[in-house]
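> Just passing along the structure, written as structure tokens.
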Amino acid sequence: MHMLTPSHDITFPQIHRHEISTLQVNIGYRCNQACAHCHVDAGPHRTEMMDAATLELIPRVLAARGISILDITGGAPELHPGFRALVEAARRLGVRIIDRCNLSVLLEPGNEDLPEFLAAHTVEIVASLPCYCAENVDQQRGEGAFAKSIAALQRLNALGYGAPASGLVLNLVYNPGGPSLPPNQVDLEADYQRELKERYGIVFNHLFALANMPIGRFASRLAAQGALGDYLCLLKANFRPENLEALMCRTLVSVDWQGFLYDCDFNQQLGIPLGGSPSRVHLRALLDDDWRGRAVGVAEHCFGCTAGQGSSCGGALLEAAP
């Protein structure tokens with residue numbers, strides 16, 4: 011594996027934006043779970059939710075900028091009362107829609123028909139499942155989370171999700187349980203495919219192996235253990251410059267629940283405005299400006315996206331890490 015030493019001397023390089031292809035929108039921090047690795051610190055106690063005026067602005071921006079992908083996240087975005095209307099509006103524009111789903115939310119009261127709604131609108135599901143073993147999942151996400159996830163996946167499969175010819179895409183997400191880099195994504199996907207099929211009859215399209223970012227709840231836990239500095243050194247020591255061109259922040263803009271813009275979801279949580287600007291930029295600005303060619307706001311946590319095989323909302327950036 012490519013190593014740079016001494017790791018503490020590395021400064022993250024400046025990078026610049028390309029054309030925006032993805033609008034990633036966090037429509038609220040409320041969630042039915044409180045996962046240990048969550049960089050958003052989402053949970054049942056959070057009340058921050060996007061208002062109706064900002065929700066209505068999203069389709070206008072998609073149309074104005076010709077943005078092809080709407081990536082909806084949270085919290086559990088499905089718990090927002092405006093989630094379905096947003097999906098319907100984006101679908102009318104012919105936009106590809108991604109729902110960042112924790113799976114167990116599909117079993118919440120009032121969501122009985124949610125899987126059918128997602129299927130009817132051909133919504134791509136990206137579902138967090140940090141392991142194919144119950145013990146590991148429950149440790150990260152709470153007791154009983156694994157059983158609920160399996161039940162939700164089986165229901166999605168029954169609708170055609172994960173079947174190659176169905177057009178209903180189901181991708182899973184893996185995060186390490188602690189301060190380590192994720193294993194090779196290709197190999198891990200094969201393990202997931204085999205184990206979930208043999209044990210539960212579950213099929214899915216792809217697995218995304220994501221690194222845990224040294225921010226939010228995960229960073230706080232590492233700091234309490236005295237391990238945060240070591241994790242940052244690990245990320246820097248495994249920095250690979252060939253990951254820079256494929257970074258999601260070059261083509262993605264992140265929107266917070268108040269409608270303000272950031273270069274990625276991680277910068278959003280750290281309060282680093284779009285392009286590292288001194289003041290926040292609102293979603294309305296994208297009606298007139300695509301931000302192409304401008305600098306991306308970078309900081310030490312960005313090494314989490316460039317370490318090893320790389321990490322993004324779409325999984326590894328390289329086919330395989332040597």
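So that you can map any letter, position 107 of the sequence shown is 117 in this note's numbering, and since no number is skipped, the others follow by simple counting. In this text, a Cβ means the ideal position worked out from N, Cα and C, and glycines have one as well.
1) Counting pairs of Cβ atoms below 8 Å between the region 190-200 and the region 113-128, do you hit three or more?
2) Are there 16 or more other CB atoms within 10 angstroms of the CB of THR57, so buried, or fewer, so exposed?
3) Check for me: the beta strand (DSSP E) holding THR21 runs from which residue to which?
4) Taking the C-alpha atoms as reference points, what is the distance between LEU191 and THR83?
5) With DSSP as the reference, label VAL133 as helix, strand or coil.
6) Just list the residues that DSSP pairs MET59 with in beta bridges.
7) For GLU98, which residues from the same chain have a beta carbon less than 8 Å from its beta carbon, with the 5 sequence-adjacent residues on both sides left out?
8) Measure the Cβ-Cβ separation of GLU29 and THR316 and say whether it is below 8 Å.
9) Quick check: the region 155-169 against the region 205-224, are at least 3 beta-carbon pairs closer than 8 Å?
10) Straight-line CA distance for ALA144 to LEU297?
11) So the candidates are ALA86, VAL105, ARG101; which of them puts its Cα closest to the Cα of ASN121?
12) Along the chain, where does the alpha helix (DSSP H) that runs through ASP201 open and close?
13) Alpha carbons only, please: which of LEU65, GLN24, GLY53, ARG27 is nearest the one belonging to LEU293?
Let me spell this out:
1) Fewer than three beta-carbon pairs drawn from the region 190-200 and the region 113-128 are found closer than 8 Å, and the two stretches are therefore not classed as touching.
2) Here residue 57 refers to the residue found at position 47 when the sequence shown is read from its first residue. In the assembly as shown, THR57 is an exposed residue. Its beta-carbon has fewer than 16 other beta-carbons within 10 Å.
3) The residue given as residue 21 occupies position 11 in the sequence shown. Counting along the chain, no beta strand (DSSP E) covers THR21, and no H or E run does either.
4) Here residue 191 refers to the residue found at position 181 of the sequence shown. Here residue 83 refers to the residue found at position 73 of the sequence shown. Near 23 Å, if we compare the C-alpha coordinates of THR83 and LEU191.
5) Taking the sequence shown and counting its residues from 1, the one referred to as residue 133 is at position 123. Note: VAL133 maps to coil in three-state DSSP.
6) By one-based count along the sequence shown, residue 59 stands at place 49. Answer is GLY38.
7) For the purposes of this step, residue 98 is identified with residue 88 of the sequence shown, where counting begins at 1. Cβ neighbours of GLU98 beyond the five flanking positions: HIS131.
8) The count along the sequence shown starts at 1 and reaches residue 29 at position 19. The count along the sequence shown starts at 1 and reaches residue 316 at position 306. Against a cut-off of 8 Å, the Cβ pair of THR316 and GLU29 comes out as no contact.
9) Touching, yes.
10) Reading the sequence shown from its first residue, position 134 is the one you call residue 144. Reading the sequence shown from its first residue, position 287 is the one you call residue 297. ALA144 and LEU297 have their alpha carbons spaced roughly 46 Å apart.
11) In the sequence shown, the residue the question calls residue 121 occupies position 111. Nearest option by C-alpha distance: ALA86.
12) Counting from one through the sequence shown, the residue named residue 201 turns up at place 191. First-last of the alpha helix (DSSP H) with ASP201: 195-210.
13) If you number the sequence shown from 1, residue 293 lands on position 283. The candidate whose alpha carbon is nearest that of LEU293 is LEU65.
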